[in-house]
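Worksheet: the structure to be examined is printed underneath.
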DNA sequence: GACGACTTTGACGTTCGCGTCAACGTCGCC
DNA sequence: GGCGACGTTGACGCGAACGTCAAAGTCGTC
């Protein structure tokens with residue numbers, strides 16, 4: 011639908027500033043789809059999707075642009091591998107691409123799992139205390155049944 | 011065992027620089043246990059545990075000292091609630107403390123669960139693709155059985 | 001072709017989380 | 001009480017991830 015975007019429109023669509031867009035370009039995360047004759051940056055739907063993905067990753071992983079860049083690079087590589095797929099493709103090539111894709115996917119999974127594991131260990135401790143609190147609560151209500159209220163004795 | 015620590019010993023025991031220790035103090039995360047007559051910072055085992063906890067949280071949550079501070083504050087509050095517990099304690103007071111502790115614990119759990127959820131959603135996608143790859147691999151090996159190798163035909 | 005809205009590059013400012021001097025004082029052991 | 005190791009405050013430096021302002025050019029419309 012919507013054609014080429016100027017930087018302001020792109021930025022607004024993604025909820026970031028134009029400065030941020032330019033900074034991402036400087037850091038190699040987002041390249042304009044093209045340029046106008048006068049030299050203005052032009053973007054498209056793909057740019058927008060990528061920019062949104064960057065923000066999503068920032069939300070998930072934290073705003074470490076280097077790490078986001080690494081993840082994006084991995085995802086890009088997966089995309090090109092997918093794009094290379096064609097019907098009359100020699101089997102060995104397909105096997106090789108599949109192997110690479112699986113390796114990249116495994117790498118990404120490892121990154122994410124590692125982070126989850128750290129958080130999970132913290133959550134485990136919190137849940138353990140939670141159980142302890144539940145037990146305390148049970149004991150307290152039991153004792154209050156034994157001696158419901160000072161007045162009632 | 012070991013008595014009061016000077017800043018250098020504390021920092022080394024925790025694997026950080028003395029600058030970092032002073033910065034944490036400035037940010038309100040770590041207060042010295044006391045001071046020498048001459049004005050040097052003195053720390054103890056509790057300080058060391060806290061400093062290590064700060065680094066642990068940084069590892070788990072990322073190095074946002076404000077958030078780490080918030081978590082520490084919550085944990086501190088839990089600690090003082092625990093410390094207030096005594097034998098001949100009126101039941102209502104115990105109930106109140108328990109309720110507050112459970113609320114704080116729930117808040118911390120919410121924070122952590124939220125982060126885990128984000129990461130988990132990303133992991134889910136990766137695992138989905140992983141399954142897809144496995145299927146591709148199965149199909150490929152099936153077709154290679156049908157026509158094992160070009161040479162064998 | 002003029003006008004207003006938008007962009008460009010460049011540069012300086014800001015907040016974090018420290019690293020790194022500098023100039024001075026403290027500790028504790030001989 | 002002297003000496004070397006260590007600590008104190010203060011200040012500037014640094015890379016990250018942008019915000020902000022200036023001077024100039026571009027875009028599309030009237």
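Chains as they are written, first to last, in the working numbering: chain A, 11 to 163; chain B, 11 to 163.
Glycine included, every Cβ here is placed at the ideal spot set by N, Cα and C.
Contact check, residue i vs residue j, beta carbons under 9 Å
{"i": "residue 53 of chain A", "j": "residue 91 of chain A", "result": "no"}
{"i": "residue 51 of chain B", "j": "residue 25 of chain B", "result": "no"}
{"i": "residue 125 of chain B", "j": "residue 71 of chain B", "result": "yes"}
{"i": "residue 111 of chain A", "j": "residue 88 of chain A", "result": "yes"}
{"i": "residue 136 of chain B", "j": "residue 122 of chain A", "result": "yes"}
{"i": "residue 75 of chain B", "j": "residue 31 of chain B", "result": "no"}
{"i": "residue 63 of chain B", "j": "residue 35 of chain B", "result": "no"}
Buried or exposed by the 16-neighbour rule on C-beta atoms within 10 Å, applied to residue i
{"i": "residue 29 of chain A", "result": "exposed"}
{"i": "residue 37 of chain B", "result": "exposed"}
{"i": "residue 104 of chain A", "result": "buried"}
{"i": "residue 27 of chain B", "result": "exposed"}
{"i": "residue 42 of chain B", "result": "buried"}
{"i": "residue 131 of chain A", "result": "exposed"}
{"i": "residue 81 of chain A", "result": "buried"}
{"i": "residue 99 of chain B", "result": "exposed"}
Expected contact under 8 Å - CB spacing of residue i and residue j to nearest Å
{"i": "residue 108 of chain B", "j": "residue 147 of chain A", "result": "6 Å"}
{"i": "residue 39 of chain B", "j": "residue 78 of chain B", "result": "7 Å"}
{"i": "residue 153 of chain B", "j": "residue 101 of chain A", "result": "7 Å"}
{"i": "residue 69 of chain A", "j": "residue 128 of chain B", "result": "7 Å"}
{"i": "residue 83 of chain B", "j": "residue 58 of chain B", "result": "That belief does not hold up - the Cβ atoms of residue 83 of chain B and residue 58 of chain B are roughly 19 Å apart, past 8 Å."}
Under 7 Å by beta carbon: chain B residues contacting residue i
{"i": "residue 141 of chain A", "result": "The contacting residues do not exist; residue 141 of chain A stays about 10 Å from chain B at best."}
Listed by chain order, chain B residues near residue i by CB distance under 8 Å
{"i": "residue 125 of chain A", "result": "129"}
{"i": "residue 136 of chain A", "result": "115, 118, 119, 122"}
{"i": "residue 69 of chain A", "result": "128"}
Neighbour list for residue i in chain A, Cβ cutoff strictly below 9 Å
{"i": "residue 150 of chain B", "result": "101, 104, 105, 108"}
Closer than 7 Å at the beta carbon, the chain A residues around residue i
{"i": "residue 72 of chain B", "result": "72"}
{"i": "residue 112 of chain B", "result": "143"}
{"i": "residue 147 of chain B", "result": "108"}
{"i": "residue 46 of chain B", "result": "Per Cβ cutoff of 7 Å: no residues; residue 46 of chain B is ~36 Å from chain A at best."}
Partner residues on chain A for residue i, Cβ-Cβ distance less than 8 Å
{"i": "residue 133 of chain B", "result": "119, 122, 123, 126"}
{"i": "residue 153 of chain B", "result": "101"}
Unbroken alpha helix (DSSP H) runs of length 4 or more, entirely within the segment 13 to 89 of chain B: which are they?
-> Within the segment 13 to 89 of chain B, the complete alpha helix (DSSP H) runs of at least 4 residues are 17 to 24, 28 to 36, 55 to 71.
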